[in-house]
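Below is one structure, written out as structure tokens, with a few remarks after it.
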Ligand code: SF4
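Written out as structure tokens, the structure reads:
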């Protein structure tokens, strides 16, 4: 694992770049995998602010008593899920070429958290509609049959999950929800002793349409099939978000 | 602790504690490495990551190309359960290798209540607790940190201790280890013997025979070899400007206790409060220059991206060039949205000027530590502040619109009477009155004062090291009394748990005969005793009783000044004569000037040091 700073870029100052007439958002795409899947969204936000300062990003700061930079993360991941396509919008006040800034940022990061692309944002994060995930499940007795069973569940007319909800007295109860309309392009296979699922789930940053947490898919499969209930040192599952799409579910979000 | 199994990580609280992979962690190629260190902090990751001492020593050891130092922390109880369930040993953070595979395991002992966690870590690492039970196949276990000044209660579990500041001596220690390994002359016994004889500040407990008198006091400590020092002299870094400074920092991804830059401004303390161990054992004061500090602060800012710099030292306002330093810092911190903070302010230094400059002083609460309620008792403990100073300081705060104030006191100090306790209540009342008399106060808002009272613990290497701690009954009585004296609803009274302080006092002045109790405590599952929810007083007492230990012998007894003390085997530079003299001054209610005003001849100047207030050591 390469985790140390690579070759340091030439020293630079954010003052090298001209001020923008008005602050703009640079959109970054980044990876969060391996050990970093265990870092919560809140912790990631705080860490990222420090990374940007280390990288000398020409951050725009809010005015007022307690100035702070503006960072907007799309689709927070839950702890225990990895991603190859996280999006972050950062407001900058100077005209730094995004890819150049990205290099400086990568100099302050480890392999498991790495920026992959950068450009001035042209679309809104609200335009995100679908997210594609790879699930890899290693569980006792996994075989081709289990893969078929899972496929059947995920492509059925109705895909019922139990959703946590609270009544008006704040008591927690579970209610059924059919998520079939929010799951598409499912494929399931069995390879190297693991069941591999690929699927697109509805994704939204502001609830204009449902956001399906990939973890709920695993929870549902656990309940329906009794998988992943054995020895934890031999059973495990991984979730990786691989791509994000616009509403058509085919055009990559950018 | 680094766990690679994701299923286990998914099943515990805060898995980020164990997953590692931080930016700035040091990974080395094992084939270049001649000695592997695991530096353990016997508490959680969040606390350990915030410790400046660990940061310094991690950096110092890793600056040697053939030494690789990793970190290890105590896994939380939920993870401990998983480890037991699946037979997973405690591992180091960077490589994930079991602690038992290392050459040297270092454990920093920051407070007595971490002893049980220390033993738990050894147990989880499947390393036998007692040093005598560990063969050549196990790592060398070395302790350090403030508790190493009297490590006797846990001495049997360690091969050796590093006394004082470890930047140089841990490297020398490892060099000797490598040299003996390379020459083929290494075995644990010879290595420890040579380390004790040749390296300053290495204490090897097994090289001293301890005998006891019939009355339970210690008769003698006798070195078993003639070339082992009778007393182990602590090490210090003489020139703090040139002392190793960690310019690279491991950046935690999860929130830790101190997510900010900690800029060590100086070591030591000029004051000499008579209850304070740190004020004695970290002597002499050695300052850094503002120029060096400013450079170091910039460097840390660039390496971390933190938005706060905390100027950390025992009593920051005693730094002789504080205003120069803050001016230098403010030149660049303000425009980079970095704030400065000062953790510890004396009442006599709390000024309008400082408040204007330092944002945390501006925005934070008013917090002062008069420590004792009456002038008489403040003179006894040599806390050179008076009521007028305190009232002036709170008024500066009230002028600026503050309405609340927190005051720290200690209960059970030597010579304390109920009148002194009345003084605590009166001082709090005086602060409330000062508020209402202040014409610039925030009109229409009521003031609030919090009185926080801890329990006095006699600590080794202080003028009060011979004093008795109050009994539990007395503490409870005094706490009730004080509570009854505080009737104003605007004054909030909180006090420490006397039961914790009692156990702390037993361990602080303990000797080697406490080892069986600690081993039994570990066997009974004690861990994280510094955490309220895991501290069980009755079980501690039961452990002592089951081991046949008269625990009050350690805590509630006035020790004789001519007694051999368990920590006499350590020389912290400050002489016993000085401590006795200071104790005499305490009973005479006589204060001692700070080192900056006048040297009181504590003896530590024999260690030298740059930018100290000490007279130069005598040439001989
Ligand atoms: S030698 Fe004198 S000046 Fe130096 S620390 Fe001791 S008392 Fe203070």
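Chains as they are written, first to last, in my numbering: chain W, 2 to 255; chain H, 4 to 623. Glycine included, C-beta positions come from ideal geometry on N, C-alpha and C.
- Scanning 79(H), 385(H), 618(H) for the CA closest to the CA of residue 582(H) turns up 385(H).
- The DSSP-derived three-state label of residue 132(H) is coil.
- In this structure residue 566(H) does not touch residue 382(H) by the C-beta definition: roughly 27 Å separates them, more than the 8 Å allowed.
- Just so you know, the alpha carbons of residue 201(W) and residue 346(H) end up roughly 51 Å apart.
- At a cut-off of 7 Å, the beta-carbon of residue 603(H) counts as near ligand 1: some heavy atom of the ligand is closer than that.
- Three or more pairs of CB atoms, one per stretch, sit closer than 8 Å, so the stretch 385-397 of chain H contacts the stretch 272-285 of chain H.
- In this structure the stretch 42-54 of chain W does not lie against the stretch 35-45 of chain H, because fewer than three pairs of beta carbons, one per stretch, are closer than 8 Å.
- Residues of chain W with a Cβ closer than 7 Å to the Cβ of residue 343(H) do not exist, since the nearest Cβ in that chain sits about 15 Å away.
- Per DSSP, reduced to three states, the secondary structure at residue 235(H) is strand.
- Of the candidates 60(H), 377(H), 340(H), the residue whose Cα lies closest to the Cα of residue 361(H) is 340(H).
- For residue 41(W), a Cβ of chain H is located within less than 8 Å of the residue's own Cβ.
- Between the stretch 44-60 of chain H and the stretch 58-76 of chain W, the count of C-beta pairs closer than 8 Å stays below three; the two stretches do not touch.
- With a threshold of 16 other beta carbon atoms within 10 Å, residue 98(W) falls short and is exposed.
- For a Cβ distance threshold of 7 Å, residue set 81 of chain W lies close to residue 13(H), ordered along the chain.
- C-alpha of residue 15(H) to C-alpha of residue 79(H): approximately 9 Å in a straight line.
- For residue 411(H), there is no enclosing alpha helix (DSSP H); the residue is found in the beta strand (DSSP E) stretching over 407-414.
- A distance below 8 Å between beta-carbons, with the five flanking residues on each side excluded, links residue 328(H) to the following residues of its chain, in chain order: 268, 293, 296, 297, 314, 322.
- At least one heavy atom of ligand 1 lies closer than 7 Å to the C-beta of residue 286(H).
- Contact between residue 31(W) and residue 114(W) holds, with the beta-carbon distance rounding to 7 Å and staying under 8 Å.
- Counting along the chain, the unbroken alpha helix (DSSP H) around residue 478(H) starts and ends at 475-488.
- Each residue's CA atom was taken as its position, placing residue 125(H) and residue 396(H) some 48 Å apart.
- Taken in chain order, the whole beta strand (DSSP E) runs of length 3 or more contained in the stretch 204-262 of chain H are 211-215, 221-226.
- Between residue 573(H) and residue 492(H), the alpha-carbon positions lie close to 48 Å from each other.
- Nearest to residue 90(W) by alpha-carbon distance, out of 125(W), 214(W), 178(W), 33(W), is 125(W).
- Under the three-state reduction of DSSP, residue 560(H) is assigned to coil, being neither helix nor strand.
- Chain W places no beta carbon closer than 8 Å to that of residue 67(H), leaving this residue out of the contacts.
- Under the Cβ criterion (8 Å, minimum of three pairs), the stretch 448-460 of chain H counts as touching the stretch 498-517 of chain H.
- Excluding five sequence positions before and after residue 235(H), the CB atoms of its chain that fall closer than 6 Å to its own CB belong to 166, 206, 573, given in chain order.
- At least one C-beta of chain W is nearer than 8 Å to the C-beta of residue 257(H).
- The three-state secondary structure of residue 288(H), taken from DSSP, is coil.
- Counting along the chain, the unbroken alpha helix (DSSP H) around residue 426(H) starts and ends at 421-440.
- Assigned with DSSP and collapsed to three states, residue 332(H) falls in helix.
- When the five nearest sequence neighbours on each side are left out, the beta carbons in the same chain lying within less than 6 Å of the beta carbon of residue 499(H) are those of 457, 458, in order along the chain.
- For the pair residue 264(H) and residue 228(H), the CB atoms are not nearer than the 8 Å cut-off.
- Here residue 115(H) really is in contact with residue 507(H); their C-beta atoms are around 5 Å apart, less than 8 Å.
- Under the Cβ distance rule, residue 220(W) does not count among the residues neighbouring chain H, no pair being separated by less than 8 Å.
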